[in-house]
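S.K.: Sequential numbering of the sequence shown, starting at 120, is according to the working numbering. Ideal placement from N, C-alpha and C gives every residue a C-beta, glycine not left out.
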Amino acid sequence: MNKVEEFEELRPLLFSIAYRILGSVSEAEDAVQETWLRFDGSTARPASAKAYLSTTVTRISIDVLRSARVRREEYVGPWFPEPLLSDPYQDPARAVELADSVSMAALLLLERLSPLERAVFVLREVFAFGFDEIATAVGRSEAACRQLLVRARRHMEAGRPRFEADRQERQELATRFFDALKDGDVGALRNLLAADVQLVGDGGGKAPQLAKAVMGAENVARLLGTVFPWLLRIDVSFELHEVNGQPGAVFRERDGKVLQALVLDVLDGQVQAIRAVINPDKLGHLGPVGDAWAVDREVRQARRRPN
């Protein structure tokens, strides 16, 4: 194969590594593009394109993450990863690890790790790289990488989410949830929610949101059952999607532009958490982004009109 063919064959893997390290679709795509430029510009042909490209995208991602940490510390409100509708890299032998590692909850746990710990954890636990390959990728000894992995595992296990293993059951619950949401059925919503459910929105100060955090089944059910039917009355629609491997939906305004992505964490037959990504900067890869402020104003005006 020539360079272009080698790179394109490995592109899904490179994106998947970068996304898990960065939690950002746009930054992962940029890291992959920079990896290609370095590969294309190199005069020597590496013995292993996979090793070279994986090392390059990992190092670029670590550098980007270090600078991103500063921005995230200054971020307005809760920070969520950019929603991912489908992971381009598939490996049946690693299907469970790949699905678990891309969930919103798992990516938020990865935020607790240092950039080096995060890279080592992703390469070893998700993609099963050897310690010799990891050492080359992060520029540390194999012994140091083993220690980084021990620390990373400790942080991850302390808060690791446990989701329903049955995908069909998750999807059926999500269908009932979104049906109740559409109908504004507070009672049905309440029955689907865990007692300590959390509803959290990531607007980044750039979009209206339901609230920074709402706790408890009663509060969340009433808020959802009050707000979302009004959105549908002004022709906002939603389509069910897997979002980061979990059941969710993408909401669009009447002309099809994206307003938000909603993702559900499901455990023991109940919704444990609802995360809404509303920041327009995080939605552009899903399509043209709508004006959430205009939609919010339209909803407020509709609610003031007499029936």
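Once the 5 residues before and after P425 are set aside, which same chain residues still bring their CB inside 7 Å of it?
M.R.: none
S.K.: Suppose you measure from the CA of S135 to the CA of P211; what does that come to, to the nearest Å?
M.R.: 15 Å
S.K.: Excluding sequence positions up to five away, which residues of its chain have a Cβ less than 8 Å from the Cβ of W64?
M.R.: No answer is possible for residue 64: the residues shown for the chain start at 120 and end at 426.
S.K.: Got a sec? Which residues, its chain only, sit under 6 Å from M275 by beta carbon, not counting five neighbours each side?
M.R.: L228
S.K.: Report buried or exposed for M120, applying the criterion of at least 16 other Cβ atoms within 10 angstroms of its Cβ.
M.R.: M120 should be labelled exposed.
S.K.: Using the three-state DSSP reduction, which class does V221 fall into: helix, strand or coil?
M.R.: Coil.
S.K.: Take Y138 and list the residues in its own chain whose beta-carbon comes closer than 6 Å to its own, dropping the five residues that flank it on each side.
M.R.: A147
S.K.: Cα separation between E128 and P165?
M.R.: 16 Å
S.K.: Hey, Q365 and A313: beta-carbon distance below 8 Å or not?
M.R.: no
S.K.: Can you pull the DSSP bridge partners for A392?
M.R.: Q317, D384
S.K.: Cutting at 7 Å between CB atoms, please list the residues of its own chain near C264, excluding the five before and the five after it.
M.R.: V239, F250, I253, A254, V257
S.K.: Does V151 come out as helix, strand or coil in the three-state DSSP assignment?
M.R.: helix
S.K.: Would you call V269 buried or exposed, if buried means 16 or more other Cβ atoms sit within 10 Å of its Cβ?
M.R.: exposed
S.K.: In this structure, what does DSSP give as the bridge partners for F370?
M.R.: F357, Q379
S.K.: Would you identify the three-state DSSP class for L235, choosing helix, strand or coil?
M.R.: helix
S.K.: Roughly how many whole angstroms lie between the Cα atoms of N338 and V316?
M.R.: 9 Å
S.K.: Terminal residues of the continuous beta strand (DSSP E) containing V333?
M.R.: First-last of the beta strand (DSSP E) with V333: 332-334.
S.K.: How long is the line joining the alpha carbons of R419 and L351, rounded to whole angstroms?
M.R.: Spanning the two alpha carbons is a distance of roughly 13 Å.
S.K.: Between which two residues does the alpha helix (DSSP H) carrying Y171 extend?
M.R.: 168-192
S.K.: Under 8 Å between the Cβ atoms of V382 and N363?
M.R.: yes
S.K.: Taking the beta carbon of I353 as the centre, do at least 16 other beta carbons fall within 10 Å, making it buried, or is it exposed?
M.R.: By the neighbour-count rule (16 or more Cβ atoms within 10 Å), I353 is not buried but exposed.
S.K.: Only counting the same chain, and skipping five residues up and downstream in sequence, which positions put a Cβ closer than 7 Å to that of V305?
M.R.: A340, R341, G344
S.K.: Going by DSSP in three states, V418 sits in which element: helix, strand or coil?
M.R.: helix
S.K.: DSSP three-state label for L228, please.
M.R.: Note: L228 maps to helix in three-state DSSP.
S.K.: Alpha carbons only, please: which of S167, K122, E361, A307 is nearest the one belonging to D384?
M.R.: E361
S.K.: Among R373, D400, L386, which one has its Cα closest to the Cα of E417?
M.R.: For E417, the nearest C-alpha among the options comes from R373.
S.K.: Starting from P131, trace the alpha helix (DSSP H) in both directions and tell me its first and last residue.
M.R.: Note, P131: alpha helix (DSSP H), 122-141.
S.K.: Can you check which of these residues, T294, R130, L156, D400, is closest to V195 by C-alpha distance?
M.R.: D400
S.K.: Are V319 and A336 close, meaning C-beta to C-beta below 8 Å?
M.R.: no
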